[in-house]
Amino acid sequence: MASDLSIRILSTDEVEFLKEKIQTLLTTKGFKIEHPEVMEILKKAGAEVSESTGLVKLPKSLFEEALKQVPREFTLAGIDPKNDLKFPHPQGLFHTRTCTGGMFYPNESENGEYHHILIEEVAEWTRLVNSLENINFWSLPSTNPVGFPAETIDIHTLNTVLRNTTKHGWVQPYEADNIKYLIEMAAAVAGGKDKLRERPIISAICCSVPPLTYKYMDMNIIYECCKAGVPLQPCSLPAAGANVPITPSGIALMACAEVLAMILMAQIIAPGTPCVATPLLFEMDMLTTVTTQASMSTTMGRMMAMQLFSEGYGIPCHTYGTGTDSCTMDGQAGFEQASISHMVALAGASVLGGAGQIETAKAINPMQLIIDNDVFGLVKQLKGGSIVDEEAVDWADVIALAEHEGFVDKKHTFKHFRDGYRTKVFSRDSRTAWVGKGSKDIAARAKDQYQLIKGNYQPINLPKEVTEELDAIVKRADEELGKKN
Amino acid sequence: MTSYADVAQSVISGDEDLVKEQVNSLLAAGESPLKIIDEGLIAGMNVVGVRFKAGDMYVPEVLMSARSMSTGVEIVKPLIAVADMKVKVKVVLGTVKGDLHDIGKNLVRIMMESSGLEVIDVGIDISPEKFMDAIREHNPDVLAMSALLTTTMANMKSTIDVLVEEGLRDKVKVIVGGAPVSQEFADTIGADGFAADAASASDLCKALVAK
Chain A
48 MASDLSIRIL
58 STDEVEFLKE
68 KIQTLLTTKG
78 FKIEHPEVME
88 ILKKAGAEVS
98 ESTGLVKLPK
108 SLFEEALKQV
118 PREFTLAGID
128 PKNDLKFPHP
138 QGLFHTRTCT
148 GGMFYPNESE
158 NGEYHHILIE
168 EVAEWTRLVN
178 SLENINFWSL
188 PSTNPVGFPA
198 ETIDIHTLNT
208 VLRNTTKHGW
218 VQPYEADNIK
228 YLIEMAAAVA
238 GGKDKLRERP
248 IISAICCSVP
258 PLTYKYMDMN
268 IIYECCKAGV
278 PLQPCSLPAA
288 GANVPITPSG
298 IALMACAEVL
308 AMILMAQIIA
318 PGTPCVATPL
328 LFEMDMLTTV
338 TTQASMSTTM
348 GRMMAMQLFS
358 EGYGIPCHTY
368 GTGTDSCTMD
378 GQAGFEQASI
388 SHMVALAGAS
398 VLGGAGQIET
408 AKAINPMQLI
418 IDNDVFGLVK
428 QLKGGSIVDE
438 EAVDWADVIA
448 LAEHEGFVDK
458 KHTFKHFRDG
468 YRTKVFSRDS
478 RTAWVGKGSK
488 DIAARAKDQY
498 QLIKGNYQPI
508 NLPKEVTEEL
518 DAIVKRADEE
528 LGKKN
Chain B
124 MTSYADVAQS
134 VISGDEDLVK
144 EQVNSLLAAG
154 ESPLKIIDEG
164 LIAGMNVVGV
174 RFKAGDMYVP
184 EVLMSARSMS
194 TGVEIVKPLI
204 AVADMKVKVK
214 VVLGTVKGDL
224 HDIGKNLVRI
234 MMESSGLEVI
244 DVGIDISPEK
254 FMDAIREHNP
264 DVLAMSALLT
274 TTMANMKSTI
284 DVLVEEGLRD
294 KVKVIVGGAP
304 VSQEFADTIG
314 ADGFAADAAS
324 ASDLCKALVA
334 K
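Line by line, the protein sequences are chains A and B.
Quick note on the numbering used here: the first sequence kicks off at 48 and runs consecutively.
Quick note on the numbering used here: the second sequence kicks off at 124 and runs consecutively.
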């Protein structure tokens, strides 16, 4: 058995087919951008750039040269080095991250209702993220701007997150100018701009607008991050059948082309900028017109995209590795999360994203995050594979077996019984024991686990001068960006 | 001999070429342009609407039907006096500032037009000021705003705030929609209604205007 288990959804010929089509799209059809400085840089590098329309075509030689510059190995730093994320994963596994942009949070009363997440709940959520061993990096929820301007939601949210985490995170700016403040805040925590470049404790999301368009804000994120040495996680979020072709291969082609265009632009601006290719696929439901994320065809498209980047380009890649279209933590959610996590991990994803999300990433739920923590632990075990040799099959004991002999007291059992991932909230109890513990379902057990984590949480204490610097940046951002001041 | 029912059936089937042929045939036979619209084209689209709501037809099929109906309408429209064209509800529709997504908005437009609403589609990335200009110019019954992103949906509130500041809030009903938008959000920002999908937006507009 492979020690790094994998699935190939594409044949070698199909990988090459998609690569050829992507190159044709970016070199002959081109893509549209809005950003005078980047247009100038691309032009100087030899790209064909129309200043009037923003259309960019990369000559084949520039395409190939930029592709060579993409780093295949790098580290996304944790605030605490013990949480550093190395790419590729040293054990051939994957990293994980939480839902980004989710805005609804369950009510305290647990009546099934939810509300727009408040800043104090972002702190609570972040502390939970920081406590879970299989959740490797955070992202920013879409916080309700109560008591601060809507224009600085991302800045206030990052301010809260940075005070409650020791892990790496990715940031999603809400306006073109905000990225500078977010970088400044990360630098304050990292110990200065040079330290941030050396140990990037944040990476940034930049997004396309399918098909093949990049608005000013996202181009500015690429530009500013390249200047500051902050890694990028370029995202494409197309909806199959809406703004890209409906088939799995059609959406994979378009999403990967859009992501690769951003990666190549970053290499032209600042060669060697670390990038994690992040095609996050969706599908429009043709009955309701709503955007969905968990149809099997979407999973297949993600598998293609992951294989294409990992095998076809050797570039670390990231997509939704959990999540559901269900509005609640029910059986549908369980199946969809299991299906997506297994398939995407085995297809070669470097990062499985979306932990804690339900309802197509619109809502986040602490109990779901705790369940996902276990799901990722289980999938990591599977991805790690298993050894087949004489020691693994305990050949020595098997060949020496006496009549009616058991294995529970064998040294081999003692050595290996902890090999697998031991879940925290899945039930392995007998019915009698389960009833004795209150007949709780997984959500109720996750809630118990949450109370335990909350009770044992050790607060993060940033140095006073760092918190003061963060406060000063936030205050300045509110004054400079917030209309309400 | 082509009948109105034939035209309706061709609209339901989404057969644009056949609709064109049948409408021309009816006109050549001296049939009333208004009756072709009401009893043929819109009658067919009404069936499509019912089947869509029942889950018996899917969006791509509805779009083909809508396209067929539009083709038929374009043929007979020049033959109808402006006064005879009945428009009950006028809507200004756009995607809010910072948001370049137009698929959902376009679906809403098509569904609304298919239901007989007049839609002024002002496009994507529309600032509150541009929405105000459109409202002043077209005097609509409804302002419909779309957003796909949690990062841009706050601009729906900014637009409503400007509507209030400009003294236009009482002149127009406001509806909102898009992937991250909910009834709760609509209530929070002071919108009059929330449409969960493209199909329900038309009914929502009609219901709000009828109040």
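Yeah, the Cβ is synthetic: ideal placement off N, Cα and C, and Gly gets one too.
Since we're looking at a predicted model, the values are computed, not measured.
Review point. Do you know offhand how far glutamate 437(A)'s Cα is from isoleucine 69(A)'s?
Key: For glutamate 437(A) and isoleucine 69(A), the distance between alpha carbons rounds to 47 Å.
Check your understanding: So what does DSSP say about isoleucine 166(A), is it helix, strand or coil?
Key -> Isoleucine 166(A): helix per DSSP, three-state reduction.
Review point. According to DSSP, is alanine 314(B) helix, strand or coil?
Key: Alanine 314(B) carries a coil assignment under DSSP once its states are collapsed to helix, strand and coil.
Practice item. Determine the direct distance from the alpha carbon of serine 357(A) to that of glycine 395(A), and round the result to whole angstroms. Key: Computed Cα separation, rounded: 6 Å.
Practice item. Tell me whether arginine 259(B) sits in a helix, a strand or coil according to DSSP, three-state version. Key: Arginine 259(B): helix per DSSP, three-state reduction.
Check your understanding: Helix or strand or just coil, what does DSSP make of arginine 119(A)?
Key -> In the structure shown, arginine 119(A) adopts coil according to DSSP, grouped into three states.
**Study point:** Sequence ranges, alpha helix (DSSP H) only - wholly within the segment 58 to 110 of chain A, length at least 4
**Key:** Annotation: the segment 58 to 110 of chain A contains the following complete segments of the alpha helix (DSSP H) (minimum length 4 residues), in chain order: 59 to 71 and 83 to 91.
Point to revise | Contact list for the segment 127 to 153 of chain A against chain B, Cβ threshold 7 Å | key: Hits within the stretch, in order: Gly148 and Met150.
Review point. Taking the C-alpha atoms as reference points, what is the distance between proline 363(A) and proline 278(A)?
Key: Rounded to whole angstroms, the gap between the alpha carbons of proline 363(A) and proline 278(A) is 12 Å.
Check your understanding: Can you name the residues of chain B whose CB is closer than 8 Å to the CB of asparagine 290(A)?
Key -> The contacting residues are His224 and Ile226.
Check your understanding: First and last residue of the beta strand (DSSP E) that includes glutamine 280(A)?
Key -> Run containing glutamine 280(A): 279 to 283, per the beta strand (DSSP E) assignment.
Review point. By the criterion of Cβ-Cβ separation under 7 Å, what are the contact partners of leucine 230(B) in chain A?
Key: Identification of chain A residues near leucine 230(B) by a Cβ-Cβ cut-off of 7 Å yields Thr336, ordered along the chain.
Review point. Secondary structure at threonine 369(A), three-state DSSP: helix, strand or coil?
Key: Reduced to three states, the DSSP call for threonine 369(A) is coil.
Point to revise | phenylalanine 382(A) - DSSP class collapsed to helix/strand/coil | key: Helix, per DSSP.
Check your understanding: Shorter than 8 Å from the beta carbon of valine 256(A) to some beta carbon of chain B?
Key -> Contact with chain B is found for valine 256(A), since one of that chain's Cβ atoms lies less than 8 Å from the residue's Cβ.
Practice item. For methionine 255(B), I'd like the list of residues in its chain whose CB is within less than 8 Å of its CB, leaving aside the five on either flank, ordered along the chain. Key: Closer than 8 Å at Cβ, skipping near neighbours: Val285, Leu286, Glu289 and Leu291.
Exercise for review: Taking a Cβ distance cut-off of 7 Å, strictly less, list which residues of the segment 173 to 199 of chain B are near chain A, in chain order.
Suggested key: Those residues of the segment 173 to 199 of chain B that come within reach of chain A (Cβ to Cβ, closer than 7 Å) are Gly178, Tyr181, Val182 and Pro183.
Practice item. Please compile the residues from chain A whose C-beta is within a distance smaller than 8 Å of the C-beta of alanine 302(B). Key: In chain order, Val337, Thr338, Thr407 and Lys409 make up the part of chain A whose C-beta sits under 8 Å from the C-beta of alanine 302(B).
Check your understanding: How many Å lie between aspartate 224(A) and asparagine 267(A) at the Cα?
Key -> If you draw a straight line from the Cα of aspartate 224(A) to the Cα of asparagine 267(A), it is about 8 Å long.
Review point. Would you report the Cα separation of leucine 307(A) and glycine 216(A), rounded to the nearest angstrom?
Key: Rounded to whole angstroms, leucine 307(A) to glycine 216(A) spans 22 Å at the Cα level.
Check your understanding: For the segment 235 to 265 of chain A, which residues have a CB atom closer than 8 Å to at least one CB atom of chain B, in sequence order?
Key -> Within the segment 235 to 265 of chain A, contact with chain B at the beta-carbon level (separation under 8 Å) is assigned to Val256, Thr260, Lys262 and Met264.
Review point. So what's isoleucine 252(A) in DSSP terms, helix, strand or just coil?
Key: Here isoleucine 252(A) sits in strand by DSSP.
Point to revise | beta-carbon glutamate 231(A) near the ligand FAD non-hydrogen atom, thresh 7 Å | key: In the structure shown, the ligand FAD is absent, as is every other ligand, since no ligand is present at all.
Exercise for review: Give every residue of the same chain whose Cβ lies closer than 6 Å to the Cβ of lysine 531(A), excluding the five residues on either side of it in the sequence, and list them in chain order.
Suggested key: Residue placement at lysine 531(A) is flagged as unreliable, the pLDDT there being 47, under the threshold of 50; the coordinate-derived value follows with that caveat. Pro196, listed in sequence order.
Exercise for review: Could you check the C-alpha separation between threonine 207(A) and proline 506(A) for me, to the nearest Å?
Suggested key: Linking threonine 207(A) to proline 506(A) through their CA atoms gives a straight-line distance of about 13 Å.
Point to revise | Residue burial classification, aspartate 51(A) (beta-carbon count within 10 angstroms, cutoff 16) | key: By the neighbour-count rule (16 or more Cβ atoms within 10 Å), aspartate 51(A) is not buried but exposed.
**Study point:** Chain-ordered residues of the segment 248 to 277 of chain B with a beta carbon less than 9 Å from chain A
**Key:** Listed by position along the chain: Asp248, Leu271, Leu272, Thr273, Thr274, Thr275, Met276 and Ala277.
**Study point:** Validate contact between the segment 369 to 388 of chain A and the segment 123 to 137 of chain A using beta carbons, cut 8 Å, 3 pairs
**Key:** Counting C-beta pairs closer than 8 Å gives fewer than three between the segment 369 to 388 of chain A and the segment 123 to 137 of chain A, which falls short of the contact rule.
Check your understanding: Are the CB atoms of serine 397(A) and phenylalanine 423(A) nearer to each other than 8 Å?
Key -> Cβ distance not < 8 Å, so serine 397(A) and phenylalanine 423(A) don't count as in contact.
Check your understanding: Cα-Cα, which of Lys409(A), Thr336(A), Ala352(A) and Ser344(A) is closest to glycine 370(A)?
Key -> Glycine 370(A) has its Cα closest to that of Lys409(A), out of Lys409(A), Thr336(A), Ala352(A) and Ser344(A).
Review point. For valine 299(B), which residues of its own chain have a beta-carbon under 7 Å away from its beta-carbon, when the five flanking residues on both sides are left out?
Key: Cβ within range, chain order: Met268, Met279, Ala309, Ala314 and Phe317.
Practice item. Could you name the residues of the segment 167 to 190 of chain A whose beta carbon sits closer than 7 Å to any beta carbon of chain B, in the order they occur along the chain? Key: Taking 7 Å as the Cβ-Cβ cut-off against chain B, the residues of the segment 167 to 190 of chain A that qualify are Ser189.
Exercise for review: Sort Thr147(A), Asn181(A) and Thr338(A) by Cα distance to aspartate 320(B) and report the nearest one.
Suggested key: When each option's Cα is compared against that of aspartate 320(B), the closest is Thr338(A).
Point to revise | Residues from the segment 311 to 345 of chain A in contact with chain B, defined by Cβ distance under 7 Å | key: Taking 7 Å as the Cβ-Cβ cut-off, the segment 311 to 345 of chain A approaches chain B at Met333, Leu334, Thr335, Thr336, Val337 and Thr338, given in chain order.
Point to revise | Which of helix, strand or coil DSSP assigns to aspartate 265(A) | key: In the structure shown, aspartate 265(A) sits in a helix (DSSP, three-state: H, G or I).
Review point. Is it true that the CB of cysteine 282(A) sits closer than 8 Å to the CB of lysine 325(A)?
Key: The amino acid at residue 325(A) is misidentified as lysine; the sequence shows threonine. Going by C-beta atoms, threonine 325(A) is nearer than 8 Å to cysteine 282(A).
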